[in-house]
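For reference, the structure discussed in these notes is given below.
Protein chains in written order, with the working numbering: chain A, 462 to 868; chain B, 462 to 868.
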């Protein structure tokens, strides 16, 4: 008699974006003529740049020819792409070996699956608010208790607040696996080297592991801010970095990412090299490599031309962020993020809740945003706005907010 | 203090293909002039057909244009592709709804991850021999005990032998999750409707779930043999089908597959629809959709033109299978499979073990095969030969076996 994984019963039934859809649909049912302006989901909107399109095309053409056709590649990724990523890190003075880099079909699956190589009694710490995948994947895998109110038992929530600049203090209790995301989704906060250093010191002392999600690294323009956790001394001994082509190259639909598991990383019962080999075993057993077409595109994205072309797309999104920021500040709202990150984090006026502000934005400005409470209890009272969008749509949303939002 | 998932320690350290590489390399080191002929790995070798290449190209071009660019799609897959698969099944008189079909990046990840939606105390049954992913994914997830000899404690091995035509008898004991693969990897055996029906009856009676791997369905030419388990009465109430474009369209490197979780499937503590929604939740939380380029290719592969063009590639591989089969039979070897499946399953001469026959093939004919013992204890005494390969390479291997193998 088969049974189900009961941990699924612990998950909230209404996933954030499902509830957003529901409320949006209800609004449209009542206001069929309203033209909705969407600043909610962090989905790229601009076409892939010419040099990367050329790479993808090349990937397809290779498959049409018996001399260049390839089937299964290494589950860990194409050797050329792994080496290109070694060079990519070397530019930031981070020395990695190609077999410390594992190509994947994106940051989300890696962020969700990485917990599976660690012990089932691991205590998880997450930034609060955080990308829901860190929490949900651990709930499903049984690393938490049940949900009580807005939090799961057994997870350590590290509040990110206006007071701490939306980067958490190092935990005071014992935790084993620490998820950090910088530039942050949803707050747009970017950790300094000093802030990351505090976590690295904690992890080294307690033999904890940091899972560092750097999926938005390419939005950092301030050269003093670290784009990789390995720019911090000691990080290779305690940190795994998860990364992606999604937001740097418009690959949200193409699906390509990577995870770095440095060989010096050692923990209890696993000497240097062991965690690297565990992830390799996980990937070779349960994954079959990223698409060879996507990997050709990734190679092109890492070329000098690809990097330059992508930079202008990123600059465009960041121009969106500036426009949105300016409008909201003029409205008298408290706005965070949106400087070295594509997300803005906005305090709801007065004592309004996230969902109340969501409803107000929808009703008055016809703008769809993301309620901060959906990312964790400390997100309550905030909304997230994404800078991904066509310029004309962003301008229309900004105009509508300017004209119609009553703050 | 982080710890590792100790279940990884239960896994054999030397994965089958690693050991094959090691022995092959050792042979080449001693015989640097030998030209190796590889019939080992089940990897497609022929280029992707023109109509599917056109689909992939179209997928790339869409991404270059702001009007047609797409980022994140539904994690469950593109609606058009799901509907095309509904039509694909309808041709075999199997009625499915599009939301019973989940597009993925291939059969391997789905086969590995499907266990995660079931209870941790589930008793797993596998065909013996079997594709190693079924067993290894359950070992990693803690659904088994340790390995003793050639088997893991807690797994029910269902022997596939010459006596039962390499399709197992229904278990006599209680099992909860049953993995079946037809056409089978590695034996090349194809289950009849009657044989599948026996398992469906067992599953319905015991409320067990069948995980049916149909990745090689397109190699069946005998119209009486079922290409989908849903051709069997009652299967929708108890079976999940995992499938792939890898072997039907040369997508081993492109990465595209699908899994069917019918809504009528109900088990203990999960009424109809619940298992479907669990897999949906798993995929939306831990996966981010298959590549949009690959999905355009998949659509083209399901078109009339795509199906016809792919059929001739499949016919070519099956011609390879016939050539290999003929040669081995002439050599006096006992050969199974290779008729409605791209794999041949060959009894080692006399009382030779799998690895001994592997070594003999390598030493005498310079042909690399796959030792049957790597797929489970009942694979001992057999080797697997794959029909995937360019015609000239297959002919060279066959000539070498004919001339040099001493049976």
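Every residue, glycine too, gets a C-beta built ideally from N, C-alpha and C.
Chain B within 8 Å of residue i, Cβ atoms only
i: residue 675/A; result: no
i: residue 668/A; result: yes
i: residue 569/A; result: yes
i: residue 541/A; result: no
i: residue 499/A; result: no
i: residue 467/A; result: yes
i: residue 464/A; result: yes
i: residue 703/A; result: no
i: residue 495/A; result: no
i: residue 735/A; result: yes
Minimum Cβ-Cβ distance from residue i to chain A less than 8 Å
i: residue 580/B; result: yes
i: residue 846/B; result: no
i: residue 477/B; result: no
i: residue 566/B; result: yes
i: residue 524/B; result: yes
i: residue 507/B; result: yes
i: residue 831/B; result: no
i: residue 530/B; result: yes
i: residue 722/B; result: no
i: residue 597/B; result: yes
i: residue 746/B; result: yes
Residue i to residue j span [Cα, whole Å]
i: residue 516/A; j: residue 511/B; result: 19 Å
i: residue 859/B; j: residue 785/B; result: 6 Å
i: residue 830/B; j: residue 500/B; result: 5 Å
i: residue 781/A; j: residue 491/A; result: 30 Å
i: residue 521/A; j: residue 680/A; result: 29 Å
i: residue 470/A; j: residue 832/A; result: 23 Å
i: residue 712/A; j: residue 532/B; result: 7 Å
i: residue 696/A; j: residue 690/A; result: 6 Å
i: residue 683/B; j: residue 801/B; result: 7 Å
i: residue 606/B; j: residue 586/B; result: 14 Å
i: residue 630/B; j: residue 619/B; result: 7 Å
i: residue 560/B; j: residue 543/B; result: 8 Å
i: residue 545/A; j: residue 476/A; result: 37 Å
i: residue 854/A; j: residue 505/A; result: 13 Å
i: residue 624/B; j: residue 796/B; result: 14 Å
i: residue 565/A; j: residue 614/B; result: 32 Å
Where the alpha helix (DSSP H) through residue i begins and ends
i: residue 737/B; result: 735-747
i: residue 544/A; result: 540-551
i: residue 807/A; result: Counting along the chain, residue 807/A falls outside any alpha helix (DSSP H), though it belongs to the beta strand (DSSP E) covering 804-808.
i: residue 767/A; result: 765-791
i: residue 863/A; result: 852-865
i: residue 754/B; result: 753-762
i: residue 801/B; result: Counting along the chain, residue 801/B falls outside any alpha helix (DSSP H), and DSSP gives it neither H nor E.
i: residue 468/A; result: Here residue 468/A belongs to no alpha helix (DSSP H), and DSSP marks it neither H nor E.
i: residue 570/A; result: 568-574
Beta-carbon proximity check, residue i vs residue j, cutoff 8 Å
i: residue 468/B; j: residue 658/B; result: no
i: residue 673/A; j: residue 645/A; result: no
i: residue 669/B; j: residue 768/A; result: no
i: residue 579/A; j: residue 638/A; result: yes
i: residue 754/B; j: residue 722/B; result: no
i: residue 851/A; j: residue 498/A; result: no
i: residue 719/A; j: residue 562/A; result: yes
i: residue 806/A; j: residue 648/A; result: yes
i: residue 843/A; j: residue 815/A; result: yes
i: residue 688/B; j: residue 675/B; result: yes
i: residue 837/A; j: residue 464/B; result: no
i: residue 550/A; j: residue 572/A; result: no
i: residue 527/A; j: residue 839/A; result: no
i: residue 655/A; j: residue 553/A; result: no
Start and end residues, beta strand (DSSP E) containing residue i
i: residue 704/A; result: 700-705
i: residue 589/A; result: 585-589
i: residue 819/B; result: Note, residue 819/B: premise wrong, no beta strand (DSSP E); alpha helix (DSSP H) at 815-821.
i: residue 600/B; result: Element bounds for residue 600/B: not the beta strand (DSSP E) but the alpha helix (DSSP H), 593-601.
i: residue 847/B; result: 843-847
i: residue 868/B; result: Residue 868/B -> no beta strand (DSSP E), and no H or E assigned at all.
C-beta neighbour in chain E for residue i, strict 8 Å
i: residue 555/B; result: No chain E is present in this structure, whose protein chains are A and B.
(Q) What ranges does the alpha helix (DSSP H) occupy inside the stretch 619-683 of chain B, keeping only unbroken runs of at least 4 residues that lie completely in it? (A) Taking only runs of at least 4 residues, the alpha helix (DSSP H) segments lying wholly in the stretch 619-683 of chain B are 654-667.
Q | Length at least 3, wholly inside the stretch 472-523 of chain A: the beta strand (DSSP E) runs in chain order | A | None, since the stretch 472-523 of chain A contains no complete beta strand (DSSP E) of that length.
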